[in-house]
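Q:
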Amino acid sequence: MSFKADLRTVNVTRYITPLREGGSLPAVADADDGFKYVIKFRGAGHGVKALIADLIGAEVARVLGFKVPELVFAQLDEAFGRTEADEEIQDLLKGSQGLNLGLHFLSSAINFDPVVTQVENKLASKIVWLDAFLTNIDRTFRNTNMLIWNKEVWLIDHGAALYFHHSWTNWEKTAQTPFPFIKDHVLLPQASDLTTVDVEFKKILTSDVLQKIVNLIPLEWLDWEGYTETPEEIRTVYFNFLHTRLNYSNLFIKEAQHAREALI
Numbered sequence: 002m003s004f005k006a007d008l009r010t011v012n013v014t015r016y017i018t019p020l021r022e023g024g025s026l027p028a029v030a031d032a033d034d035g036f037k038y039v040i041k042f043r044g045a046g047h048g049v050k051a052l053i054a055d056l057i058g059a060e061v062a063r064v065l066g067f068k069v070p071e072l073v074f075a076q077l078d079e080a081f082g083r084t085e086a087d088e089e090i091q092d093l094l095k096g097s098q099g100l101n102l103g104l105h106f107l108s109s110a111i112n113f114d115p116v117v118t119q120v121e122n123k124l125a126s127k128i129v130w131l132d133a134f135l136t137n138i139d140r141t142f143r144n145t146n147m148l149i150w151n152k153e154v155w156l157i158d159h160g161a162a163l164y165f166h167h168s169w170t171n172w173e174k175t176a177q178t179p180f181p182f183i184k185d186h187v188l189l190p191q192a193s194d195l196t197t198v199d200v201e202f203k204k205i206l207t208s209d210v211l212q213k214i215v216n217l218i219p220l221e222w223l224d225w226e227g228y229t230e231t232p233e234e235i236r237t238v239y240f241n242f243l244h245t246r247l248n249y250s251n252l253f254i255k256e257a258q259h260a261r262e263a264l265i
């Protein structure tokens, strides 16, 4: 799969409605390119770290061939949101000036329901592998973070991935974790082809591809108050984490296989 060297940047022109099911208060908004986007705000919850996780997670998924809504950088200017009546939303917008993250809004998409929709084993294995690799704790029965659009499965919301960056200590150890949270994955029972998928995906995620994905992170998202590392040093940690995790994929593959055996 070809890789885009950069994302488009759009200007948010109108705040339409919050998506209350999202803990970080994402919202549907219009942009100056004429399209609607689900905006993830840097002023919410875990701040830019959630945006970085979403960006890396979605672009890794895209490179691996998954259906993922187009991502854009969404610019909020200083005046945006001043007329918003809801004080919580107004504070969120005020704290989100600058670059945010937008996902193309999939009109008429419906939430994935594992009771209604059966995913074939190879696709389930691919999604389980992806989430184990990204240490994504948030694709469970409670919150599948998948949509059905045009009769296909689309992956959304990777903001809970890469949780090592919230503590930012001993990333090497976290990179080698077997990721026991995979036992709660909504598609684990169908994931019977993990070994085959591991071989396929490790061929795709070369060091060059991982570096290009990490290079997409805007510098302004890497300027962390209270940290001694420079933005480029922080970027290097993200690359090293992903590269190390890939090299130790056997650990999370075995964990997922054992967890699946316990389920079935």
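In this text, residue positions in the sequence shown follow the working numbering: the first is 2, and each later residue adds one. C-beta atoms are modelled at their ideal positions from N, C-alpha and C, and glycine is treated no differently. What you are looking at is a predicted structure, and each value in this text was computed from that prediction instead of being measured.
(1) Using the Cα positions of Lys41 and Asn137, report the straight-line distance between them to the nearest angstrom.
(2) Measuring straight from C-alpha to C-alpha, what distance separates Thr199 and Asn101?
(3) Rounded to whole angstroms, what's the CA-CA distance from Lys203 to Pro232? Just pull it up for me.
(4) Excluding the 5 residues flanking Gly96 on each side, which residues of the same chain have their C-beta closer than 7 Å to its C-beta?
(5) Please give me, in chain order, every unbroken run of the alpha helix (DSSP H) with length at least 4 that falls completely inside the region 71 to 111.
(6) Where DSSP assigns a beta bridge to Leu156, which residues make up the other side?
(7) Please list the terminal residues of the continuous beta strand (DSSP E) segment that includes Asn171.
(8) In angstroms, rounded to a whole number, what distance separates the CA positions of Ala125 and Gln191?
(9) Quick one: is Tyr228 buried, meaning 16 or more other Cβ sit within 10 Å of its Cβ, or exposed?
(10) Give the DSSP bridge partners of Val13, in chain order.
(11) Using the three-state DSSP reduction, which class does Val117 fall into: helix, strand or coil?
(12) Sort Leu8, Thr145, Gly99, Tyr239 by Cα distance to Thr170 and report the nearest one.
(13) I'd like to check one pair, Val39 with Leu104: are the Cβ atoms closer than 9 Å?
(14) Under a Cβ-count criterion, where at least 16 other Cβ atoms within 10 Å of its own Cβ denotes burial, should Thr18 be classed as buried or exposed?
(15) Ignore the nearest five residues each way along the sequence and tell me which others in Ile254's own chain have a CB closer than 7 Å to its CB.
(16) To the nearest angstrom, how far is it from the Cα of Phe242 to the Cα of Leu211?
(17) Whose CA, out of Phe134, Val215, Tyr249, Thr14, lies closest to the CA of Glu234?
(18) Could you name the residues of the same chain whose beta carbon sits closer than 7 Å to that of Val13, not counting the 5 residues immediately before and after it, in chain order?
(19) Buried or exposed for Val73, please, with buried defined as at least 16 other CB atoms from any protein chain shown within 10 angstroms of its CB.
(20) With DSSP collapsed to three states, give me the class of Val39.
(21) Between Phe67 and the rest of its own chain, which residues show a CB-CB distance below 6 Å, the 5 nearest in sequence each way excluded?
(22) Suppose you measure from the CA of Glu153 to the CA of Phe165; what does that come to, to the nearest Å?
(23) Near Pro181, which residues of its chain fall below 7 Å by C-beta distance, leaving aside the five closest residues on each side in sequence?
A: Considering the structure as presented:
(1) 17 Å
(2) Before going on, a small fix: residue 199 reads as Asp here, not Thr. If I take the Cα positions, the gap works out to 32 Å.
(3) 27 Å
(4) Gly44
(5) 88 to 95
(6) Met147
(7) Neither: Asn171 is in no beta strand (DSSP E) and is coded neither H nor E.
(8) 6 Å
(9) exposed
(10) Ala32
(11) coil
(12) Tyr239
(13) yes
(14) exposed
(15) Leu195, Thr196, Asp199
(16) 10 Å
(17) Val215
(18) Ala30, Ala32, Ile40, Ala75, Gln76, Leu77, Phe81
(19) buried
(20) strand
(21) Leu156
(22) 31 Å
(23) Glu256
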